[in-house]
Amino acid sequence: MITGRKHQQTAVTLPSLTHQRIQELKQTPRGQHIMQEAFQVFPELVKSLTAALQEKLTRFEQARTKNAGSPEGLTLNTLVDDYQFLEFVQHIMFVKWREEKNKRYFPEDTQVN
Numbered sequence: 005m006i007t008g009r010k011h012q013q014t015a016v017t018l019p020s021l022t023h024q025r026i027q028e029l030k031q032t033p034r035g036q037h038i039m040q041e042a043f044q045v046f047p048e049l050v051k052s053l054t055a056a057l058q059e060k061l062t063r064f065e066q067a068r069t070k071n072a073g074s075p076e077g078l079t080l081n082t083l084v085d086d087y088q089f090l091e092f093v094q095h096i097m098f099v100k101w102r103e104e105k106n107k108r109y110f111p112e113d114t115q116v117n
């Protein structure tokens, strides 16, 4: 989250990351790739996705304030999708972290779904 800047509020509501939506995202090629990653990859992946989303938001906001329209291929819907995918990655990171923790206490059963 960026602090120190005043942003004009819009009427955009971000959809909740529901169990159904998580299952849908797991079926996408990006989701399947994420599911195969080791836990150690996730902190840097979250940083990278966050930075990319922030950069897109900045470009989108600059174009909006200049009344230049949306930058090529960048719409409010794609920003919402990217945000939700970031939430999905954070959720999977938590699941993988929990699996790592469970390995210590339950070494024979570490798969958490």
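Residue numbering for the sequence shown follows the working numbering, starting at 5 and increasing by one per position.
Just so you know, even glycine gets a beta-carbon here, dropped at the ideal spot from N, CA and C.
- The Cβ atoms of residue 21 and residue 95 sit closer than 8 angstroms to each other.
- For residue 47, the closest alpha carbon among the candidates 107, 71, 97 is that of 97.
- Per DSSP, the unbroken alpha helix (DSSP H) holding residue 35 starts and ends at 33-40.
- Contact annotation, residue 16 with residue 80: C-beta distance approximately 6 angstroms; criterion of less than 8 angstroms satisfied.
- Within the same chain, Cβ atoms closer than 6 angstroms to the Cβ of residue 91 are found at 21, the five residues on either side in sequence being excluded.
- A Cβ-Cβ separation of about 6 angstroms places residue 18 in contact with residue 87 under the 8 angstroms criterion.
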